[in-house]
Amino acid sequence: MGYLTIIASDGKTFRRDIDSDRLKIGRSSKNDVNLSFDLSLSRFHAEVTRQAGRYYVADVGSRNGTSLNGKPVVKAAELQVGDRITLGETTILFAADQEPRVAIEDAPALPADSSTMTIPLEDILSSPPSPVSQPSSSGRQDAESRTLAVLTRAGMELINYRPLDEVLEVIMDLVFEAIPAERGFMMLLEGDSKELVSKVVRDLKKSYGGKISLSRSIARSVVDNRQSVLTTDAQTDERFKMKESIVLQGIHSAMCVPLWNNREVIGLIYVDTINAARTFGPEDLKLLTLLANIAAVKIENAKLFEDTIEKQRMEKELKNAAEIQRKLLPVGTPDFPGYDLAGYNDPCREVGGDYFDFIDRGPQRMGFAIGDVSGKGTGAALMMATVRASFRAHLEAPCTLQGLIASLNETIVQSANSNNFVSFFYAEVDRGSGRMDSVNAGHNPPLLVRASGDVERLKADGLILGVFAGVRHKQSESVLNPGDMLVAYSDGVTETQNVGGEEYGEERLTALLKEHRGSSAAAIRKLVADDTKAFAGLAPQYDDVTLVVVKRVS
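Going by the working numbering, the sequence shown runs without a break in its numbering and finishes at 585.
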């Protein structure tokens with residue numbers, strides 16, 4: 032599919048796919064591409080049409096006209112990848128999601144002959160171009176002025192911020208203004224394997240069609256060996272002789288130079304010409320190399336800037352997500368006479384996969400839950416939100432605790448992928464009797480600390496949620512007597528590690544709870560949080576830490 036990249040005068044860009052056979056362009060809101068921000072345009076200015084897989088641009092009687100690659104559009108003109116449409120103060124680039132027109136192909140790695148020269152990058156950058164091909168003093172001055180003008184303009188054009196895609200287009204504009212080439216392309220190294228990927232392709236003659244081929248050995252010399260390559264007669268250089276490319280198309284002269292950002296090669300620029308009267312010379316090669324050096328620095332800066340913007344955007348989104356997640360957890364604790372309640376959650380990242388909740392089940396009954404979603408970060412946080420919403424929804428239907436957990440399991444099985452599962456503990460306490468009914472689906476056994484100091488573990492009798500459908504969980508029964516305390520926790524508590532890799536452990540937690548069993552629920556929460564952090568010391572937090580404390584005081 033073809034698409035348009037619209038560049039406003041202030042540098043802002045947006046993409047519009049050519050998803051219909053006719054796209055109307057202009058200042059009116061009735062256009063498919065509404066450019067109301069450009070007051071120099073006519074209400075209905077131009078249109079792009081699609082016919083049998085080909086794309087055309089036409090002016091529709093606009094006041095100021097439409098240009099294609101700098102030439103006025105008199106009648107419908109066919110578009111080629113890389114074409115620039117100019118309307119008023121707006122530039123539109125045409126591109127297509129298709130097979131790349133640039134190919135790196137195998138060719139003999141022969142030594143250069145008299146028609147081909149290879150110059151190390153360091154030699155070019157250490158000495159500015161000197162117009163040796165010009166015999167007169169005035170000629171040398173003209174060439175020096177041209178070189179200075181090109182490099183100065185490049186610096187000025189690239190000094191301001193532009194989106195990366197536009198930076199690449201501007202660089203190729205500068206290349207074709209500085210070098211009398213007829214075709215060319217820019218490739219950047221991308222991915223972990225650092226593969227060359229075509230980014231901008233130019234074909235001024237629009238006469239070749241097909242692909243532009245480059246010898247793999249030349250590409251390797253440019254990228255791996257940091258060399259600039261020039262051939263003054265591509266017809267006789269075996270490394271440039273490529274089927275479909277050099278011989279058949281009559282390429283006479285070609286250059287390929289590295290995009291060097293002063294630290295590493297990030298890609299290459301290639302240009303060629305079929306004009307036998309204009310052969311590239313050593314000074315063209317040096318000029319193109321210097322221009323590529325300036326371009327590479329700008330490309331790297333643009334990438335870093337966009338990475339920074341993207342990082343800031345992600346940080347903002349994570350901050351918003353963390354705020355939303357905090358609001359999903361209880362802000363306070365419900366008023367349940369005779370009982371002291373506290374909850375605590377500390378995610379190891381901005382957002383986490385742990386969950387706890389207090390649920391008002393009427394004047395005589397109170398429920399509380401704690402869960403731990405597998406994984407960390409945004410994926411676990413989204414799953415946690417799903418678990419909370421589903422759990423709360425299922426609470427509306429009258430059923431036993433076993434039925435409640437079974438329904439929650441079915442929902443998680445249907446909505447989670449194969450790598451997601453949830454450990455979950457839920458209990459309901461009767462206010463008067465202290466009877467506590469609970470279901471433990473693979474969660475860490477909560478600790479029931481008696482007023483006497485004895486500690487009981489409420490074992491996990493059921494499978495974690497989200498693995499198999501149709502699973503039934505056992506319902507257990509306990510009693511909270513005055514002075515007794517139940518502490519439910521995620522494995523982030525007991526698996527907290529210090530710098531030596533030692534875990535905090537259930538034994539240390541149990542001892543702390545026994546020692547301070549007479550303290551309030553809020554004090555217990557703070558003691559556990561402070562003790563685990565003190566134990567970890569300078570070691571990073573590897574998992575979310577969550578705690579629920581339910582203490583019967585009368």
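Quick reminder that beta carbons are idealized off the backbone N, C-alpha and C, glycines included.
1. I need the straight-line Cα distance from residue 209 to residue 319, nearest angstrom please.
2. Between the C-alpha atoms of residue 218 and residue 362, what's the straight-line distance to the nearest angstrom?
3. Please list, in chain order, all residues of the same chain as residue 123 whose beta carbon is under 6 Å from its beta carbon, the five residues on each side excluded.
4. Per DSSP, which residues does residue 55 bridge with? Please list them.
5. Beta-carbon within less than 7 Å of residue 119's beta-carbon, same chain only, minus the 5 sequence neighbours each way: which residues are those?
6. Using the Cβ count rule (16 or more neighbours within 10 Å means buried), how would you classify residue 430?
7. When you compare only the Cα positions, how much space is there between residue 259 and residue 221?
8. Compute the Euclidean distance between the alpha carbons of residue 360 and residue 87, then round it to the nearest angstrom.
9. Below 8 Å CB to CB, which residues in the same chain sit around residue 467 once its five sequence neighbours on both sides are set aside?
10. Closest to residue 77 by CA distance: which of 84, 54, 61 is it?
11. So, do the region 524-531 and the region 557-575 have three or more beta carbon pairs nearer to each other than 8 Å?
12. If we call anything under 7 Å between Cβ atoms a contact, is residue 418 one with residue 333?
13. Under 8 Å: do the region 540-559 and the region 364-374 share three or more Cβ pairs, one atom per stretch?
14. When you compare the CB positions of residue 562 and residue 543, do they come within less than 7 Å of one another, or not?
15. Tell me which residues share the same chain as residue 374 and place their Cβ nearer than 6 Å to its Cβ, disregarding the 5 neighbours each side in the sequence.
16. Could you tell me which whole alpha helix (DSSP H) segments of length 4 or greater appear in the region 458-528?
17. Of all the options 582, 577, 471, 63, which has the alpha carbon lying nearest to the alpha carbon of residue 377?
18. Can you give me the start and stop residues for the alpha helix (DSSP H) that residue 559 sits inside?
19. Taking the alpha-carbon positions, what's the residue 558 to residue 547 distance?
20. Buried or exposed for residue 393, please, with buried defined as at least 16 other CB atoms from any protein chain shown within 10 angstroms of its CB.
21. Keeping to the same chain, check which residues put their C-beta closer than 7 Å to that of residue 99; ignore five residues upstream and five downstream.
22. Using C-beta distances below 8 Å, list every residue in its chain close to residue 612, excluding the 5 sequence neighbours before and after it, in chain order.
23. Residues in its own chain within less than 6 Å of residue 250 by CB, not counting five upstream and five downstream?
24. Could you round the C-beta distance between residue 452 and residue 495 to whole angstroms and report it? I think they count as a contact, below 8 Å.
25. Under DSSP, the beta strand (DSSP E) around residue 83 begins and ends at which residues?
26. Inspect the beta-carbon positions of residue 390 and residue 398 and report whether they are closer than 7 Å.
27. For residue 286, which of 150, 484, 478, 435 has the nearest alpha-carbon?
28. From residue 179 to residue 324, what distance separates their C-alpha atoms?
29. Where residue 155 and residue 111 are concerned, what is the direct C-alpha to C-alpha distance, given to the nearest angstrom?
30. Assign residue 65 to one of three DSSP states: helix, strand, or coil.
31. Take residue 90 and list the residues in its own chain whose beta-carbon comes closer than 7 Å to its own, dropping the five residues that flank it on each side.
32. Looking at C-alpha atoms only, which residue of 289, 342, 443, 351 is the closest neighbour of residue 497?
33. Thinking just about the alpha-carbon of each residue, which of 581, 438, 422, 330 is nearest to the one in residue 480?
34. State the Cα-Cα distance for the pair residue 475 and residue 575, rounded to the nearest angstrom.
35. What residue range does the beta strand (DSSP E) around residue 125 cover?
36. Looking at the strands, I want to know which residues DSSP matches up with residue 286.
Judging by the given coordinates:
1. Roughly 8 Å between the two C-alpha positions.
2. A direct Cα-to-Cα measurement between residue 218 and residue 362 gives close to 54 Å.
3. Here residue 123 has 35, 37, 116 as same chain residues with Cβ atoms under 6 Å from its own Cβ, once five neighbours each way along the sequence are excluded.
4. In the DSSP assignment, residue 55 forms a beta bridge with 78.
5. The residues are 69, 71, 72, 95.
6. By the Cβ-count criterion, residue 430 is exposed, with fewer than 16 other Cβ atoms from all chains shown falling within 10 Å of its own Cβ.
7. One C-alpha to the other measures close to 21 Å.
8. As the crow flies, the alpha-carbon of residue 360 is around 57 Å from that of residue 87.
9. Excluding positions up to five away in sequence, the list reads 458, 459, 460, 461, 508, 509, 510, 511, 517.
10. If we check each option's Cα against that of residue 77, 54 comes out closest.
11. Taking 8 Å as the limit for Cβ pairs, the verdict is that the region 557-575 does touch the region 524-531.
12. No, the pair does not count as a contact, with Cβ atoms beyond the cut-off.
13. Here the region 540-559 makes contact with the region 364-374; the two share three or more CB pairs at distances below 8 Å.
14. Their beta carbons are under 7 Å apart, which means residue 562 touches residue 543 by this criterion.
15. Excluding sequence neighbours, residue 374 sits near 361, 387, 579.
16. Residue ranges of uninterrupted alpha helix (DSSP H) with 4 or more members, entirely inside the region 458-528 and ordered along the chain, are 522-525.
17. It is 577 whose Cα lies nearest to the Cα of residue 377.
18. Going by DSSP, residue 559 is part of the alpha helix (DSSP H) stretching over 552-567.
19. Taking the straight line joining both Cα atoms gives about 9 Å.
20. Exposed: under 16 other Cβ atoms inside 10 Å.
21. Its chain contains 88, 108, 114, 116 as the residues whose beta carbon lies nearer than 7 Å to that of residue 99, once the 5 sequence neighbours on both sides are disregarded; these appear in chain order.
22. Nothing can be reported for residue 612, as the shown portion of the chain is limited to 32 through 585.
23. Spatial neighbours of residue 250 in its own chain (CB-CB distance under 6 Å, excluding positions within 5 residues in sequence) are listed in chain order as 135.
24. Right, their Cβ atoms sit about 5 Å apart.
25. No residue range can be given for residue 83, since it is assigned to no beta strand (DSSP E) and is classified by DSSP as neither H nor E.
26. Annotated as proximal: residue 390 and residue 398, with beta-carbon spacing under 7 Å.
27. Closest option to residue 286, Cα to Cα, is 150.
28. The alpha-carbon atoms of residue 179 and residue 324 are separated by roughly 15 Å.
29. Across the structure, residue 155 and residue 111 are spaced so that their CA atoms are roughly 34 Å apart.
30. Note: residue 65 maps to strand in three-state DSSP.
31. Apart from sequence neighbours up to five positions away, the residues of its chain that approach residue 90 with a beta-carbon distance below 7 Å are 77, 96, 97, 104, ordered along the chain.
32. Among 289, 342, 443, 351, the Cα nearest to that of residue 497 belongs to 443.
33. Taking only the C-alpha atoms, the option nearest residue 480 is 581.
34. Spanning the alpha carbons of residue 475 and residue 575 requires a straight line of approximately 14 Å.
35. Per DSSP, residue 125 belongs to the beta strand (DSSP E) from 121-127.
36. Note: residue 286 sits in a beta bridge opposite 261, 302.
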